[in-house]
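In the numbering used here, the protein residues as written are 47 to 893. Remarks on the structure that follows.
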Amino acid sequence: MNDAEHRDAKDAEVVHETEHHDEPQSRPSQVARPEDNLPSTVLALPLNQRPVFPSMMLPLVVPAGRLSDAVRYAITEMGGYVGFFLTRQPLEEGNDFRFEDLHGVGTVARVLKHQDADGGGLQIFAQCLARFRITSLEASEPRLLVRGLVVKPNVDAADSTVRAMAMAIVTSLKDLVQHNPVFADEIKAVLANFNNIDGPGRLADLATSLTTASREDIQAILETDDVLSRMEKVLVLLAKETQLSQIKAKITHQIEEKVSENQRKFFLTEQLKAIKEELGLETDDKSLDLKRFKDVLGKKGAKLSDEVRSVMEEDLRKLTLLDPASSEYGVVRTRLEWLSDLPWGDYTEDDLDLKRLRAGLDKDHHGLEEVKDRIVEFCAVRKLKEDRGGGIIALVGPPGTGKTSIGHSIAKHLGRKFFRLSLGGMRDEAEIKGHRRTYVGALPGKLVQALRRCGSMNPVVLLDEIDKLSVGMQGDPAAALLEVLDPEQNRDFLDHYLDVRVDLSRVLFICTANDISGIPEPLQDRMEVIRLAGYVEAEKYAIARNYLVAKQRIAHGLTAKDITFAKPALISLIRGYAREAGVRRLEQLVAKICRKVATAKATVMDGVGAAFTRALIDAPGLVTYVGKPLMRDDELMAHAVPGVVTGLAWTALGGATLEIEAVSTNVPSARVEEGKQPRLTGGLTLTGQLGDVMKESASLARSYLMSHSARFGLDDTWFERHHVHLHVPAGATPKDGPSAGVTIATALLSLALGTPVRRKLGMTGELTLTGRVYPIGGVREKLTAAKRSGLARALLPRANERDFDELPEYVKEGIEVVFVETLDEVLREAGLLRAPASASRSAPRAR
């Protein structure tokens, strides 16, 4: 046995020698015990938090009311004896409690001292004497009195098991002191006064009262009469308490170690910084910032404007006076960083070799001649006049026609940096002009960010989807662009964040849009608009053969030996699967075919399947790769029908053909009196989601035909005797515009005469009430759609002859174009009106 165990055993001996209740020879010499001569009826008082044990002294404040009155009664009438019982559930503040709310075992105590408290309450000092087990309720009103038995300890203190238990409790208490200093004073007092501890039971009670166990666990020990069992439960509680104390001590130690280590590092870092500063080896962050900004000011001083130099010098003075920990320091420092990082006076040198520039643009893009000519002209002017500013070009056309990619190509072959800014859905003008510095997280606008990222003051900036700007609560970005895209103003562009003027006059701005009507008029005024039409079949084939196939083949890890596209296959893809104005869908289809071929090749490389052979993509085999065609080669009606005429339309997505259909029903005359003319109620119904302008064109065409019915060989009352229904497929697509006027008039006359128009004939033109044909827009797109749909002849207003002459030959060829200036000429070409015998000339034609 070591010294510690010997001392524990000795301490336990002192405890056990004082309790020998079962030895008969010791009874006559025993003094009176606290359990003796206690009453069987006591006043019941509730305890909310923890139960109390015998031999404890309990100071208590009894609130005024029923409880304080009951305690005064017990003091005067019951010898001061009360019983303390733990409530089964904690009670709310107040005096109301019932017999059922109390546990059945508590502690009987005697009030030794008492005095009145503030508010009518009572302060008492009670000595707990013994356990008390309730057997019955004596009275509930006006005070709760209970009858019960005093539980007397019954233990053989000489028993070796009891002695071992006592020794274990003493050891656990000493361990608890080592790990939890909170209990140090109480436990040391217990261990120092073993001679006053009345037996093992009292030791177990005192040990329990020192723990932080739950009210239920402490009540369970109070209710345990058998001292040995009680000591076992106490040892379990002490073990849990010791374990918790160990964990707490470990956590506290870890935290202290971390804090100590951080403090040590902090002190060492501060010492090292002080030593380096003393030796001149290092300065603080503020000094480094000041030195860096002063160096930038010195290097770029000659390139900076007076305004920028003045602002930077003022901010440097502010930075010198500000505390680095202040928020204002961060704002000033960030602004200086932006001013320092901007490439003031730095310009990339343009590659002004016109021949090399045109060859590079032709290599990257097929067609787009007007755009390429404009860029070559830009470089030619720059070659003759170096200080010529940038340009502002707007490319307007259907999706997939190369607007965005040509911008990147222009920058590459000019030798300039490129920045793309997507404007689609932008609704905050601060994205253009920057945020005010007063806002948290404020930044300059995208244009200043573009200059910083590109590192030059003359990049190519692509403003993509400018027609899709939105107006929000934060302002109108389109209005903010007015200053940017005005050559007279953008040399003094003011960013709200920097609050200094930035020269954007050398930037080449290229804007893209699908629909020019989405761009505000003042903004259109500042741009040079170049319209890009949709590609015709020949252009799509050339693009697929020369660009798309090679691009997708490389992107999918294939070689020219792995896959080959036959010309009929590409033509079939264009006609049957990708009839949109651009080539985006066509590229997706080529990519899909390449993916399937790449999958087949990879499968063979894994040793699965037959040997890989070269894939020859022909027209019949397209179904295997991309499914059945989505469109027919000829979408026109197979045979001519009266009242059906093909019109030519133009949308933001390209040209299209529309078959305008008209049918009629007879209108019965109403019953009238004898001798009067019958009243007829013919009318016109329009369907197909037609806009207001198109509805007006239909009413105009009907009125014109009615006013000239005799000349066209119609009965004067035909339109009054027939109700006409005019429909323009597809019904789910909105349609509007004046260019369908001649088409609607031709359809109505064809229906009235019962004569079909010539097949494979398309027409477009605005009709007036005098029968004249006015010009329309989108000539190229409409002719492209006509050729795509298999039309052989197209009727155009004579005023559009100039637009036709400007078209490239590959757009003109393959279709006969007839120019007309009156509806009579249109009807003659449609086969609905005979040419007059005296006609000396026919309408001009072009092939």
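Cβ coordinates follow ideal geometry from the N, Cα and C atoms, glycine included.
Each of V154, V107, F145 was checked against the Cα of D82, and the nearest Cα belongs to V154.
In the DSSP annotation of this structure, A793 is not part of any beta strand (DSSP E); the continuous alpha helix (DSSP H) holding it starts and ends at 787-799.
The continuous alpha helix (DSSP H) containing L249 extends over residues 245-255. P568 and D664 have their C-alpha atoms roughly 51 Å apart. By the CB criterion at 8 Å, G734 and H773 fall inside the cutoff.
Boundaries of the beta strand (DSSP E) around H160: 151-162. Annotation: the continuous beta strand (DSSP E) that includes H771 extends over 768-773. Within the stretch 589-621, complete alpha helix (DSSP H) segments of at least 4 residues are found at 595-601, given in chain order.
Relative to the Cα of L460, the nearest Cα in the group E395, G443, L441 belongs to E395. For the set Y543, D399, A496, L318, the Cα lying nearest the Cα of V486 is the one of Y543.
In this structure, P100 places its C-beta atom within 8 Å of the C-beta atom of R177. The stretch 366-378 and the stretch 416-424 do not touch, with fewer than 3 CB-CB distances between them shorter than 8 Å.
Restricting attention to alpha helix (DSSP H) runs no shorter than 4 residues, the stretch 501-544 encloses them at 523-530, ordered along the chain. Taking every protein chain shown into account, the CB of K304 has fewer than 16 other CB atoms within 10 angstroms, so this residue is exposed. Taking the C-beta atoms as reference points, R641 is found no nearer than 8 Å to T610. Per DSSP, reduced to three states, the secondary structure at S101 is coil, with no helix or strand assignment. The Cβ atoms of V629 and I589 sit closer than 8 Å to each other. Shown here for Y393: same chain residues with a beta carbon closer than 8 Å to its own, the five before and five after excluded, namely S502, M503, N504, R552 in chain order. Scanning F765, P109, I565 for the CA closest to the CA of L799 turns up F765. DSSP places E862 within a strand segment (E or B) once states are collapsed to three. Y671 carries a helical assignment under DSSP once its states are collapsed to helix, strand and coil.
Segment contact: the stretch 549-563 against the stretch 820-835, fewer than three CB-CB distances shorter than 8 Å; contact not assigned. Exclusion of the five residues before and after T692 leaves T703, E705, G808 as the residues of its chain whose Cβ lies within less than 6 Å of its Cβ. When the beta-carbon positions are compared, L336 and L365 come within less than 8 Å of each other. Bridge partners of Y127 according to DSSP: R156. Selection K741, D221, L489 evaluated against A295 yields D221 as nearest (Cα-Cα). When C-beta atoms of the stretch 180-196 are compared with those of the stretch 103-111, fewer than three pairs fall below 8 Å, so the two segments do not count as touching. Cβ-Cβ distances below 8 Å link M103 to F171, A172, Q173, C174 in the same chain, with the five nearest sequence neighbours on each side left out; the list follows chain order.
About 6 Å separates the Cβ atoms of P97 and I264, confirming a contact at the 8 Å cut-off. With respect to the 8 Å criterion, G580 and T779 are not classified as neighbours on the basis of their beta carbons. Taking 4 residues as the shortest admissible run, the stretch 413-449 contains the following complete alpha helix (DSSP H) segments, listed from N- to C-terminal end: 415-430.
Comparing C-alpha distances from T810 to each of T792, L842, L795 shows the shortest one belongs to L842.
Note on geometry: alpha-carbon atoms of G167 and V208 lie some 44 Å from one another. Distance between L274 and V282, taken at the CA atoms: about 13 Å. Exclusion of the five residues before and after A686 leaves P802, R805 as the residues of its chain whose Cβ lies within less than 6 Å of its Cβ.
With contacts defined by Cβ atoms closer than 8 Å, M124 and L84 do not form a contacting pair.
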